[in-house]
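Asks: Please read through the structure below; I'll follow up with questions.
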Amino acid sequence: MRKNIVAGNWKMNMTLQDGLALVSEITNMVQDEVTGSDVQVVICPPFPFLSAIGKQLPEGGRIHLGAQNCHQKESGAFTGEVSAKMLQSVGAEYVILGHSERRQYFREDNELLSQKLKAALAAGLKPIFCVGESLETREADDTFSFISQQLKEGLFHLSNEEFDEVVVAYEPIWAIGTGKTATSAQAQEVHAFIREQIAGAYDAEAALNTTILYGGSANAQNARELFSQPDVDGGLIGGASLKSRDFTEIIKSF
């Protein structure tokens with residue numbers, strides 16, 4: 405069965421001290437205020453903070469540790485890079501792959517991301533695989549063909565067993581950090597399309613069981629409406645995940 409997930413992507417923000425304080429606040433708020441819900445929370449801090457923040461998370465709780473990226477190789481002469489195995493060794497359970505900022509600023513394409521997916525799965529990590537279109541693509545009415553290509557080239561090479569471990573995140577690039585948000589109807593339309601594509605590539609059961617998150621200026625004010633859509637299973641949250649009260653209110657939207 406698919407899970408409801410709220411994942412916080414801190415991006416390149418926070419010091420370790422600020423991060424530890426933020427996680428302490430979020431942990432306490434979630435423990436005190438989030439009841440009667442099966443929502444799972446994933447915190448994705450920068451690489452240097454993973455171990456320390458992981459140690460601060462309650463064992464067996466609803467809050468899990470994730471990373472923002474990984475290299476496609478298990479080891480080697482790749483100065484400055486971090487492997488999936490390294491992430492797993494410090495307690496990470498999830499890893500974000502294919503975020504639009506990685507695609508745009510670091511030229512990560514579908515072929516590279518397909519390799520990263522394999523590496524993450526081999527290390528026992530659960531990938532959060534991102535897809536989404538630019539404003540130009542949407543205005544050209546190419547949203548569905550563009551996302552279909554991202555899925556086919558980057559994701560659908562996995563076996564059924566491997567795909568079972570994947571979370572998909574739809575992030576309209578035009579809504580990331582811009583203050584613009586896809587309407588709940590726009591989000592639902594694309595999420596339903598992604599689920600249809602999964603059914604075609606695998607089967608109806610796989611489509612039904614895949615968690616699909618919305619990412620793109622989701623916040624405490626619009627999360628409840630977004631999450632109420634039948635194919636929206638949670639959010640990949642950017643800026644709002646850096647504020648404990650806002651992030652907790654998003655989690656409580658379920």
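Going by the numbering used here, the sequence shown opens with residue 405, and the numbers climb by one from there. The beta carbon of each residue, even a glycine, is placed where N, CA and C say it ideally should be.
(1) Sort out for me which residues DSSP pairs residue 449 with in a bridge.
(2) Take residue 441 and list the residues in its own chain whose beta-carbon comes closer than 7 angstroms to its own, dropping the five residues that flank it on each side.
(3) Check the C-beta distance from residue 523 over to residue 454 and give it rounded, since I have them as a contact under 8 angstroms.
(4) Beta strand (DSSP E) containing residue 651: first to last residue?
(5) Within the same chain, show all residues whose beta-carbon is closer than 7 angstroms to that of residue 579, passing over the 5 residues directly before and after it, in chain order.
(6) Can you check whether the CB of residue 532 is closer than 8 angstroms to the CB of residue 574?
(7) Strictly by DSSP, which residues pair up with residue 468?
(8) Any idea if residue 449 is buried or exposed, counting beta-carbon neighbours within 10 angstroms, 16 or more meaning buried?
(9) Assuming the contact rule is C-beta atoms closer than 8 angstroms, residue 598 and residue 654 should be a hit. Round their C-beta distance to whole Å, please.
(10) What does DSSP give as the partner residues of residue 574 in its beta bridges?
(11) So, does the stretch 530-548 touch the stretch 498-510, judging by three or more C-beta pairs under 8 angstroms?
(12) Of all the options 549, 581, 410 and 589, which has the alpha carbon lying nearest to the alpha carbon of residue 469?
(13) With a CB to CB cut of under 7 angstroms and the five nearest residues on each side skipped, what residues in its chain are close to residue 479?
(14) Where are the alpha helix (DSSP H) runs, 4 residues long or more, that stay fully inside the stretch 542-595, in chain order?
(15) As a quick exercise: from 452, 433, 541 and 594, pick the residue whose alpha carbon is nearest that of residue 656.
Replies: According to the structure data:
(1) Beta-bridge analysis with DSSP links residue 449 to no other residue.
(2) For residue 441, the CB contacts under 7 angstroms within the same chain, skipping 5 residues up- and downstream, are 658 in chain order.
(3) Not really, about 17 angstroms apart at Cβ, beyond 8 angstroms.
(4) For residue 651, no beta strand (DSSP E) segment is defined; the enclosing uninterrupted segment is the alpha helix (DSSP H) at 648-655.
(5) Closer than 7 angstroms at Cβ, skipping near neighbours: 585, 586, 620 and 621.
(6) No, these two residues do not count as a Cβ contact at 8 angstroms.
(7) Looking at the DSSP assignment, residue 468 forms a beta bridge with 446.
(8) Answer is buried; the Cβ neighbour count reaches 16.
(9) About 21 angstroms separates the beta carbons of residue 598 and residue 654, which is beyond the 8 angstroms limit, so they are not a contact pair.
(10) Under DSSP, the beta-bridge partners assigned to residue 574 are 535 and 618.
(11) Taking 8 angstroms as the limit for Cβ pairs, the verdict is that the stretch 498-510 does touch the stretch 530-548.
(12) Ranking 549, 581, 410 and 589 by Cα distance to residue 469 puts 410 first.
(13) Cβ neighbours of residue 479 within its own chain (closer than 7 angstroms, five residues either side excluded): 487.
(14) For secondary structure counted as the alpha helix (DSSP H) over 4 or more consecutive residues, the stretch 542-595 holds these complete runs in sequence order: 547-558 and 564-567.
(15) Out of 452, 433, 541 and 594, 433 has the C-alpha closest to the C-alpha of residue 656.
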